[in-house]
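K.L.:
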Amino acid sequence: MSNPSKSINERRELILQAIVAHYVSSGEPVGSKTLVERFNLGVSPATVRNEMAALEDGGYIFQPHTSAGRIPTDAGYRYFVDGFEGRARLSASQARKVQHFFGEPRWELEDALRQTASLLSSLTDHAAVVFAPALDRSVVRHIDIVGLSGARAMVVLVTDTGRVENHVIPLPEGPQDQQLDEAADMLNRLVIDVPLEEAAATIVTGLQRIPLELREVAGSVATVLSAGIADRRAKGVFLEGTSNIVDEQKFADLETVRQVIGALEHRRLLLEVVADALSTGTVSVRIGSENPISEMQYCAVITAPYGAGGEAIGSLGVVGPTRMDYRRTIAAVHEVSANLGRMLGGTG
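Just so we're aligned, residue 0 is where the sequence shown starts under numbering that gives the first Met the number 0, counting upward by one.
#1: Determine the DSSP secondary structure at residue 31, reduced to helix, strand or coil.
#2: In terms of residues, what are the limits of the beta strand (DSSP E) holding residue 311?
#3: Exposed or buried, which one is residue 208 when buried takes at least 16 other CB atoms within 10 Å?
#4: So residue 144 and residue 179 are in contact, right, with Cβ under 8 Å, and what is the actual spacing, rounded?
#5: Which same chain residues end up closer than 7 Å to residue 297 when comparing Cβ atoms and leaving out the 5 residues on each side of it in sequence?
#6: May I have a chain-ordered list of the beta strand (DSSP E) segments no shorter than 3 residues that lie completely inside the region 113-194?
#7: Rank 30, 139, 92 and 58 by C-alpha distance to the C-alpha of residue 47 and give the top, closest one.
#8: Can you tell me which of 51, 131, 312 and 170 puts its alpha carbon nearest to the alpha carbon of residue 150?
#9: Let me know the secondary structure DSSP gives residue 210 once reduced to three states.
#10: Sort 115, 71, 68 and 82 by Cα distance to residue 332 and report the nearest one.
#11: Among 10, 163, 113 and 96, which has the Cα closest to the Cα of residue 49?
#12: Going by CA-CA distance only, name the one from 100, 107, 132 and 104 that's closest to residue 117.
#13: The beta strand (DSSP E) spanning residue 237 covers which residue range?
#14: Does the structure place the region 18-36 close enough to the region 64-81 that three or more beta carbon pairs sit under 8 Å?
#15: Would residue 76 and residue 167 be called neighbours here (beta carbons separated by less than 8 Å)?
#16: Since residue 316 contacts residue 292 with CB under 8 Å, what's their CB separation in whole angstroms?
#17: State the Cα-Cα distance for the pair residue 323 and residue 79, rounded to the nearest angstrom.
#18: If we call anything under 8 Å between Cβ atoms a contact, is residue 15 one with residue 40?
#19: Could you check the C-alpha separation between residue 212 and residue 181 for me, to the nearest Å?
#20: At which residues does the alpha helix (DSSP H) containing residue 47 begin and terminate?
#21: Is residue 21 buried or exposed, if buried means 16 or more other CB atoms sit within 10 Å of its CB?
#22: What residue range does the alpha helix (DSSP H) around residue 92 cover?
#23: Quick one: is residue 183 buried, meaning 16 or more other Cβ sit within 10 Å of its Cβ, or exposed?
#24: Does the Cβ-Cβ distance between residue 282 and residue 126 come in under 8 Å?
#25: Quick check on the burial criterion: 16 or more other C-beta atoms within 10 angstroms. Buried or exposed for residue 264?
#26: Taking only three categories from DSSP, how would you classify residue 297?
#27: Kindly list the residues whose CB is nearer than 6 Å to the CB of residue 273, restricted to its own chain and excluding five residues on each side of it in sequence; keep chain order.
#28: Between the Cα of residue 121 and the Cα atoms of 304, 93 and 159, which residue gives the shortest distance?
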């Protein structure tokens, strides 16, 4: 297969678009006769054959087996996607679904992100993933300490990205509700606007500034915040719709399906796939061999950042076969990321 050329003429573009459209909808290789019958190309089958030969030489299409027509290569899909003019839009029914979803009362952050992944999967019929706001981009907004029965207290932590955490700590003998309020006030002076990952260390460093009778409570708060770091990272990936991968008829074989599902369930590999989403600032499309890991070489991965306060704080995306409806999927990823950003208080 040849390396793709940088550009092709208008007629070949139309033929390539027709080949991609036919293959995405049918899954069948296509020949010149079918293209002329189904698409208004304005030329004869013989001319289409010649142009298809040029596209094949250019690396945009190939013949999967001797008797077949042609299907797109990764480069063919890439040329097709790069040729989109303007922003793709959701259908009216999908737009209403998104509007209704984000118009509902908000849940806690984890529930919102999990259900956002489910929404994105349902819009695209592919697997969808949402990454929680990166810990180094989340800062503490408020801490409350609420007394419970049985010498215990509830620590309520709120971050700027909407994360709410509840931790139960043991209480030494003595502290009353008023003292717990005082301890919370002192902790807030220490950690408000401090990155979440640094909050525990900041409390430990500032213990000497806290009255002796409240230091044990403050130390317990630092302990639960520190212990929560690994738990936050493990819970920070919300994956929905892997059954769509199993149901896909668009992958070549079962082994490919197994590889893709394995990569999706491997958090480190999944992070590699969407690692650049925060830095791009917009929707990013990786097709087949453009993906950084071999398990995704037959996949298209479409990602986007979402933001709060005008800053990208997390990312989301869709994973499916290279044979996907790119325009529809790009539209869904864009709209969901924009609405999630607005929900978290940013512009998206």
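Ideal placement from N, C-alpha and C gives every residue a C-beta, glycine not left out. Note that this is a predicted model, so its numbers are computed, not measured.
P.N.:
Well, looking at it:
#1: Residue state, collapsed to three classes: helix.
#2: In the DSSP annotation of this structure, the continuous segment of the beta strand (DSSP E) that includes residue 311 starts and ends at 310-320.
#3: Exposed: under 16 other Cβ atoms inside 10 Å.
#4: Under the criterion of beta carbons closer than 8 Å, residue 144 and residue 179 qualify as touching, at roughly 4 Å.
#5: Correct list, in chain order: 250, 251, 255, 287, 320 and 321.
#6: Whole beta strand (DSSP E) segments, 3+ residues: 126-130, 139-147, 151-158 and 163-169.
#7: Of the candidates 30, 139, 92 and 58, the one whose C-alpha sits nearest the C-alpha of residue 47 is 30.
#8: Residue 170 is the option with its Cα nearest to residue 150.
#9: Judged by DSSP in its simplified three-state form, residue 210 adopts coil rather than helix or strand.
#10: Per the Cα distances, 115.
#11: Comparing Cα positions, the closest option is 10.
#12: Comparing Cα positions, the closest option is 100.
#13: Taken as a continuous stretch (DSSP letters only), the beta strand (DSSP E) holding residue 237 covers 236-239.
#14: Contact between the region 64-81 and the region 18-36 is present, because at least three Cβ pairs lie under 8 Å.
#15: It is not a contact, given that the beta carbons lie outside the stated cut-off.
#16: The pair is not a contact, with the Cβ atoms about 14 Å apart (cut-off 8 Å).
#17: Going by the C-alpha atoms only, they are around 12 Å apart.
#18: Against a cut-off of 8 Å, the Cβ pair of residue 40 and residue 15 comes out as no contact.
#19: Their Cα atoms are separated by approximately 11 Å.
#20: Start and end: 44-56.
#21: It counts as buried.
#22: Annotation: the continuous alpha helix (DSSP H) that includes residue 92 extends over 91-102.
#23: If you draw a 10 Å sphere on the C-beta of residue 183, you find 16 or more other C-beta atoms in it, and that means buried.
#24: Contact flag unset, no.
#25: The residue is exposed, with fewer than 16 neighbouring Cβ atoms inside 10 Å.
#26: Of the three classes helix, strand and coil, the one that applies to residue 297 here is coil, per DSSP.
#27: If we look at residue 273 and ignore the five residues flanking it on each side, its Cβ neighbours are 302, 314 and 316.
#28: For residue 121, the nearest C-alpha among the options comes from 93.
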